[in-house]
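S.K.: Sequential numbering from -3 applies to the sequence shown in this note's numbering.
Beta carbons: idealized from backbone N, C-alpha and C, even for Gly.
Would you mind keeping the following structure in view while I ask a few things?
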Amino acid sequence: MPKPVRVLFVCLGNICRSPLAESIAKQKAKELAVSNTFHFESAGTGDWHIGGQADPRSSSIAEQHNLDLSQHSAQQVTHQNIHEWDYLVAMDHDNRLNLLAMGANSHQLLMMRQFEHQKNNITVIQDVPDPYYSGENGFEDVYHMLNINIESLLNHLLEERKLTNSK
C-alpha cells in the first residue's frame, strides 16, 4: 500500500481556519472512501498559540456541522519541518508568502480557494478571510468557504496521485 499523501492546512495561528479545514477534509475523505490515501494536519505560521485549543467559535461552528475540534492542539510550521509535507494548503496570500519564505517548494504549495472560481479559463484565487475579529458570522462564512472547496481540493490531489502513480 502506498504511503498516504501528507497535506498540511496552514493559517496564521492554527486556531481558526486551518483546524476547520483539517476537520472538514478528514470528514470529506471518509465520505469519499479515501481516508487511507491522505494524512491531514493543520498548523500556523505564527508561534503564539502552540499547544492551544481551537478558538471556541471555530469549535462551536464545527460542532454545529458534526465535526469535533476538541482534541485540536495548535502547532507551527517552520523551515525545519516544512518539507515533511507533500502539500501545503495556504488559507491566504500572506500565509503563502510566509511558507515560501520558509522554503516551501511552489509545486507543493496550494491555495485553499484556488479551485473555486474560473472565468474564461483564468483562475481567480481568493483568500479565506481570517474570522478572528469578525464575530460569529465570520466563522460560519469560513466554514462554508472551506466546505465548498475541500472536495475540489481532494479531487485535485487524487488526480495528482493517479498521475504520479502512473509514471
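1) Return the CA-CA distance between LYS(-1) and ALA97, expressed in angstroms with no decimal places.
2) Roughly how many whole angstroms lie between the Cα atoms of ASN143 and THR74?
3) Check for me: the alpha helix (DSSP H) holding SER19 runs from which residue to which?
4) At what residues does the alpha helix (DSSP H) containing HIS35 begin and finish?
5) Give the DSSP bridge partners of ARG2, in chain order.
6) In terms of residue numbering, what span does the beta strand (DSSP E) encompassing LEU106 cover?
7) For TYR164, which residues of its own chain have a beta-carbon under 7 Å away from its beta-carbon, when the five flanking residues on both sides are left out?
8) Grab the span of the beta strand (DSSP E) containing GLN95 for me, first residue to last.
9) For the putative contact between SER14 and ALA39, defined by C-beta atoms under 8 Å, what is the C-beta separation to the nearest angstrom?
10) Examine the Cβ distances between the segment 143 to 157 and the segment 22 to 34 and report whether three or more of them are shorter than 8 Å.
11) With DSSP collapsed to three states, give me the class of GLN72.
12) Using a Cβ-Cβ cutoff of less than 8 Å, which residues in the same chain neighbour LEU95 once the five nearest sequence positions on both sides are dropped?
13) State yes or no: is the C-beta of ASP88 within less than 8 Å of the C-beta of ASP123?
14) Taking ASP43 as the reference, which of GLN76, GLU27 and GLY9 has the closest Cα?
15) Check whether the Cβ atoms of ALA50 and ILE20 sit closer than 8 Å, and answer yes or no.
16) Just the Cα atoms here: how many angstroms apart are ALA70 and ILE46?
17) How far does the alpha helix (DSSP H) with ALA58 in it extend, from its first residue to its last?
18) Just grab the DSSP bridge partners of TYR83 for me.
M.R.: Taking the coordinates as given:
1) For the purposes of this step, residue -1 is taken as the residue at position 3 of the sequence shown. For the purposes of this step, residue 97 is taken as the residue at position 101 of the sequence shown. Using only the alpha carbons, I get a separation of about 28 Å.
2) For the purposes of this step, residue 143 is identified with residue 147 of the sequence shown, where counting begins at 1. For the purposes of this step, residue 74 is identified with residue 78 of the sequence shown, where counting begins at 1. Each residue's Cα considered, the two are about 27 Å apart.
3) Taking the sequence shown and counting its residues from 1, one reaches residue 19 at position 23. 13 to 27 is the extent of the alpha helix (DSSP H) around SER19.
4) For this step, residue 35 is matched to residue 39 along the sequence shown. No alpha helix (DSSP H) contains HIS35, which is instead part of the beta strand (DSSP E) from 34 to 40.
5) Stepping through the sequence shown from its first residue, residue 2 is reached at position 6. HIS35, per the DSSP bridge assignment.
6) Working through the sequence shown from its first residue, we reach residue 106 at position 110. Run containing LEU106: 105 to 107, per the beta strand (DSSP E) assignment.
7) Given that the chain is displayed from residue -3 to residue 163, the structure contains no residue 164 and the question cannot be resolved.
8) On the sequence shown, residue 95 is found 99 positions in, with the first residue counted as 1. Looking at the sequence provided, one finds Leu at residue 95 rather than Gln. From DSSP, LEU95 is part of no beta strand (DSSP E) but of the alpha helix (DSSP H) over 89 to 97.
9) If you number the sequence shown from 1, residue 14 lands on position 18. If you number the sequence shown from 1, residue 39 lands on position 43. Rounded, the Cβ-Cβ distance is 7 Å, consistent with contact.
10) yes
11) Counted from its first residue, the sequence shown places residue 72 at position 76. GLN72 falls in the strand class under three-state DSSP.
12) The residue you call residue 95 lines up with position 99 of the sequence shown. Same-chain partners within the cutoff: VAL6, THR41, VAL73, ILE78, LEU84, ALA86 and LEU105.
13) For the purposes of this step, residue 88 is identified with residue 92 of the sequence shown, where counting begins at 1. For the purposes of this step, residue 123 is identified with residue 127 of the sequence shown, where counting begins at 1. Less than 8 Å separates the beta-carbon of ASP88 from that of ASP123.
14) Position 47 of the sequence shown holds residue 43. Out of GLN76, GLU27 and GLY9, GLY9 has the C-alpha closest to the C-alpha of ASP43.
15) Taking the sequence shown and counting its residues from 1, one reaches residue 50 at position 54. Taking the sequence shown and counting its residues from 1, one reaches residue 20 at position 24. No.
16) Counting from one through the sequence shown, the residue named residue 70 turns up at place 74. Counting from one through the sequence shown, the residue named residue 46 turns up at place 50. So the two alpha carbons sit approximately 5 Å from each other.
17) Mapped onto the sequence shown, residue 58 falls at position 62. Segment 52 to 60, the alpha helix (DSSP H) holding ALA58.
18) As a working mapping, residue 83 is identified with position 87 in the sequence shown. Note: TYR83 sits in a beta bridge opposite VAL3.
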